[in-house]
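K.L.:
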Amino acid sequence: MQPSDLKQKIQQLLGDPKYRPSRASELIGKLKIPPERRGEVKKILSQLINEGKIVQIKKDRLVLPAEADLVSGRLQMNERGFGFVIPDEPKAGDIYISAENIGVAMHGDLVVCRLNRGRREKPGVAPRRDGRIIRILKRANTTIVGTLQKTNLFYHVIPDEPRIIQDIYVTPPGKGEKEVKANVGDKVVVKLEPWESRHVNPEGHIIEVLGRPNDPHIDIISIIRKHHLPTSFPQEVLDEAAAFSPEVPAADIAGREDLRDQLVFTIDPEDARDFDDAISGDARPGGGWRLGVHIADVSHYVQPGTALDREARLRGNSVYLPDRVLPMLPEKLSNGLCSLNPNVARLTKSVFFEIDAQGNVESFRFAETVIHSRYRLSYPEALRHLQGKGGSEIAEKLQELWRLASLLRRNRFAAGSLDLEFPEIKVICDEQGRAVRIEKREYDISHQFIEEFMLLANEAVAASTQRDELPSLYRVHEDPDPEKLNDYRDFVMTYGYKAGDLSQRRELQSLIKQYQGSPEEYVLKLNLLKSLKRAAYEEHPKGHYGLAKENYTHFTSPIRRYADLVVHRVVASNLREKKRAPYSMAEL
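This is how it looks when you write it as structure tokens:
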């Protein structure tokens, strides 16, 4: 039994209605663990306690937190001094923490809070759970980015993050053994000391001076340090990437469907350098279409257990900043071997669809393929082809497939999907990292063209893993909280719009159409997104509210999202060894 499976088994045992609080030794006996693995189980129990998944009560007995009126979760502070604990179990609801009950916890910390009992509920006011933080399981930050200031008596750093409400006291710059030299007004990084009393400010020492407030790129550098974003790759990761041939060898192509003679193309932003996805397809003579969606086969290069895989998992995603990209994979892969660049052979995983004249999917299949992209189009170029009269090979192909994409889009909204897209706001920086202008990039039919085919591929992958009962990741967007929708309704009506019962999907669709194209569309859609639940990755498909999909996952961006890479491995394993999964449910 793997450690992840053992963790799950322990939690299941503690959640059994027949379970009675037991010490670790008694619990090991109930689990029937062989003697040689008991040390391992004790370590797992310690991990679960440290993570807040289980708690110790009197006489060292172990229970789930809920049995002791305890809740573990992430502290989300408000600038005014109070906060909320966001439970690990989202359905449990947030817990209000007043300023006097926060103790020495800080924004983002993983904490345990004890629920207050016996509060009298006010008539007409929805009941609210509140509590007191009793333990900090893990600090969110060991360092803080901020600005160095000085009063008559003290030097202190004002955090860039406004939800860290305490200033950090530091020893005079350059005077202490640990201090580096800094000047008042400098942007600095502070390493925090243990903070044990809420009656005094937290303390720390300056470990890095980022620069003056007006220095080139200072804002971006501050963001990178604040969020602990890695800016370089370990040497062993670079060495693994460098070991790959710059061209795809014949041995890697063997056994794959060869699509190099087909018209395959990509559509991406003008400044994109990593191309995850490509399209091919034709209208069928008797009506309907054949469609191919081809996604970079990152899983061929990034194998489980390698340094590349460990680093990609640690990063989780590529990060796109106004003046740079911090990629999930080294450039040799992200912009090279894995990127579907034009006029070179590239390995892909493909989804092939047969679609009828009404836009209904008749069948789909998966294959490991090799492609040779013929056209690398930007969105503006694709838009010109779509709006023109054709004539060129690529223009005619785009217009032929747009008839399919527009039909898929129409069917999706007829099924209840919400139009939550709005123009992208792009900050353009000069060579000094200073913002020089802001561009509004419209979400036009060239974007819709690609979106519909990516949605179709993601849905097909989710349907297949669910059908074959393979442990996999799903992108879940649960139904919204009716109370939050009511609040949103009241907000929208202040702009003069009519709104019915927004818990009815058709009413919400109607409202979105009302304000589409208006000056306030951006604000209203942004507030709608805040009123809906956040989409999350889960190991069970629970549907996607915004897209009105029963099963949905992320498959189409494995260069920049680790979750997609996980799903690619599931698809690859199923193609080669039918219904054999590379991950257990507990590992996901």
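Those letters in the sequence shown? Residues 4 to 591, by my numbering. The C-beta atom is built at its ideal place from N, Cα and C for all residues, glycine as well.
What does DSSP give as the partner residues of Asp133 in its beta bridges?
P.N.:
Answer is Tyr99, bridged to Asp133.
K.L.:
What's the C-alpha gap between Ala254 and Gly18?
P.N.:
Going by the C-alpha atoms only, they are around 51 Å apart.
K.L.:
Ignoring anything shorter than 3 residues, give me the beta strand (DSSP E) runs that lie fully in the stretch 186–216, in order along the chain.
P.N.:
Qualifying beta strand (DSSP E) stretches, in chain order: 190–195 and 206–214.
K.L.:
Drop a sphere of 10 angstroms on the beta-carbon of Asn577, count the other beta-carbons inside from all chains shown, and report buried for 16 or more, exposed for fewer.
P.N.:
So Asn577 ends up on the buried side.
K.L.:
Compute the Euclidean distance between the alpha carbons of Leu423 and Val479, then round it to the nearest angstrom.
P.N.:
Cα to Cα, the separation comes out at about 16 Å.
K.L.:
Is the beta carbon of Ile136 sitting closer than 8 Å to the one on Asn186?
P.N.:
Not a contact, by the Cβ cut-off of 8 Å.
K.L.:
When you compare only the Cα positions, how much space is there between Tyr323 and Pro272?
P.N.:
Going by the C-alpha atoms only, they are around 13 Å apart.
K.L.:
So, do the stretch 347–366 and the stretch 237–245 have three or more beta carbon pairs nearer to each other than 8 Å?
P.N.:
Contact fails: fewer than three Cβ-Cβ distances are below 8 Å.
K.L.:
Residues in the same chain with beta-carbon distance under 6 Å from Ser634, minus the five sequence neighbours each way, listed in chain order, please.
P.N.:
Beyond the ends of the chain as shown, which are 4 and 591, falls residue 634; an answer cannot be given.
K.L.:
Determine the direct distance from the alpha carbon of Gly290 to that of Thr309, and round the result to whole angstroms.
P.N.:
Computed Cα separation, rounded: 47 Å.
K.L.:
Please go through the same chain and pick out, in chain order, the residues whose beta-carbon is closer than 7 Å to the beta-carbon of Ile515, but skip the five residues on each side of it.
P.N.:
Closer than 7 Å at Cβ, skipping near neighbours: Leu421 and Asp422.
K.L.:
Could you name the residues of the same chain whose beta carbon sits closer than 6 Å to that of Gly546, not counting the 5 residues immediately before and after it, in chain order?
P.N.:
Closer than 6 Å at the Cβ level, and outside the excluded window around Gly546, lie Glu553.
K.L.:
Going by DSSP, which residues form a beta bridge with Met588?
P.N.:
DSSP, once it has assigned bridges, lists no residue as partnering Met588.
K.L.:
Which residues in the same chain as Glu523 place their Cβ atom closer than 7 Å to its Cβ, once the five residues preceding and following it in sequence are excluded?
P.N.:
Result list for Glu523: Tyr498, in chain order.
K.L.:
Taking contact to mean at least 3 C-beta pairs separated by less than 8 Å, is the stretch 140–154 in contact with the stretch 186–195?
P.N.:
Contact between the stretch 140–154 and the stretch 186–195 is present, because at least three Cβ pairs lie under 8 Å.
K.L.:
Can Ala643 and Gln50 be called in contact, C-beta distance under 8 Å?
P.N.:
Residue 643 lies beyond the stretch modelled for the chain, which goes from 4 to 591, so this question has no answer here.
K.L.:
Could you please give the first and the last residue of the uninterrupted beta strand (DSSP E) stretch that includes Thr372?
P.N.:
Where Thr372 is concerned, the enclosing beta strand (DSSP E) stretches over Val364 to His375.
K.L.:
Under a three-way DSSP split, which group does Gly55 fall into?
P.N.:
Coil at Gly55, not helix or strand.
K.L.:
With a Cβ-Cβ cutoff of 8 Å, do Leu386 and Ile448 count as a contact?
P.N.:
In contact: Leu386 and Ile448 (Cβ atoms closer than 8 Å).
K.L.:
Where Ile594 and Pro383 are concerned, what is the direct C-alpha to C-alpha distance, given to the nearest angstrom?
P.N.:
The chain is shown from 4 up to 591; residue 594 falls before or after that span and cannot be answered.
K.L.:
For a quick check, are the C-beta atoms of Val212 and Val183 less than 8 Å apart?
P.N.:
Yes, the pair counts as a contact, with Cβ atoms nearer than the cut-off.
K.L.:
Using only CA atoms, which one of Arg41, Ile60, Gly295 and Gly76 lies nearest to Glu70?
P.N.:
Per the Cα distances, Ile60.
K.L.:
With a cut-off of 8 Å on the beta carbons, I'd call Leu78 and Asp112 a contact; round off their distance for me.
P.N.:
Right, the Cβ-Cβ distance comes to about 5 Å (below 8 Å), so this counts as a contact.
K.L.:
Does any residue of chain E bring its CB to less than 8 Å from the CB of Val430?
P.N.:
Checking the listed chains, one finds no chain E in this structure; it contains a single protein chain.
K.L.:
Does the structure place the stretch 463–474 close enough to the stretch 404–418 that three or more beta carbon pairs sit under 8 Å?
P.N.:
Touching, no, given that fewer than three Cβ pairs across the two stretches are closer than 8 Å.
K.L.:
So, are the CB atoms of Pro330 and Ser321 less than 8 Å apart?
P.N.:
Result yes, Cβ atoms of Pro330 and Ser321 sit closer than 8 Å.
K.L.:
Any idea what DSSP makes of Leu266, helix, strand or coil?
P.N.:
It is coil, neither helix nor strand.
K.L.:
If you measure between the beta carbons of Gln435 and Pro544, is that distance less than 8 Å?
P.N.:
Cβ atoms of Gln435 and Pro544: not closer than 8 Å.
K.L.:
Expressed to the nearest angstrom, what Euclidean distance is found between the alpha-carbon atoms of Ala463 and Ile562?
P.N.:
Straight-line Cα distance between these residues: approximately 20 Å.
K.L.:
Can you tell me where the alpha helix (DSSP H) holding Pro485 begins and where it ends?
P.N.:
Pro485 -> alpha helix (DSSP H) spans Pro485 to Met496.
K.L.:
Determine the DSSP secondary structure at Leu9, reduced to helix, strand or coil.
P.N.:
Of the three classes helix, strand and coil, the one that applies to Leu9 here is helix, per DSSP.
K.L.:
Measure the alpha-carbon distance for Glu124 versus Leu140 and round it to whole angstroms.
P.N.:
Since pLDDT at Glu124 reaches only 48, below the 50 mark, its modelled position is unreliable, and the value read off the structure follows with that caveat. Roughly 31 Å between the two C-alpha positions.
K.L.:
List, from N- to C-terminal side, the beta strand (DSSP E) runs of 3 residues or more that fit wholly inside the stretch 290–326.
P.N.:
As far as the stretch 290–326 is concerned, its whole beta strand (DSSP E) runs of at least 3 residues are 292–299 and 322–324.
K.L.:
What residue from Asn144, Ala566, Ile36 and Gln507 has the CA that sits closest to Glu596's CA?
P.N.:
Limits of the chain in this structure are 4 at one end and 591 at the other, which puts residue 596 out of reach.
K.L.:
Within its chain, find whatever has a CB closer than 8 Å to the CB of Ala538; leave out the 5 residues flanking it on each side and keep chain order.
P.N.:
The residues are Arg478, Val479, His480, His547 and Gly549.
K.L.:
How many Å lie between Phe247 and Phe452 at the Cα?
P.N.:
Straight-line Cα distance between these residues: approximately 34 Å.
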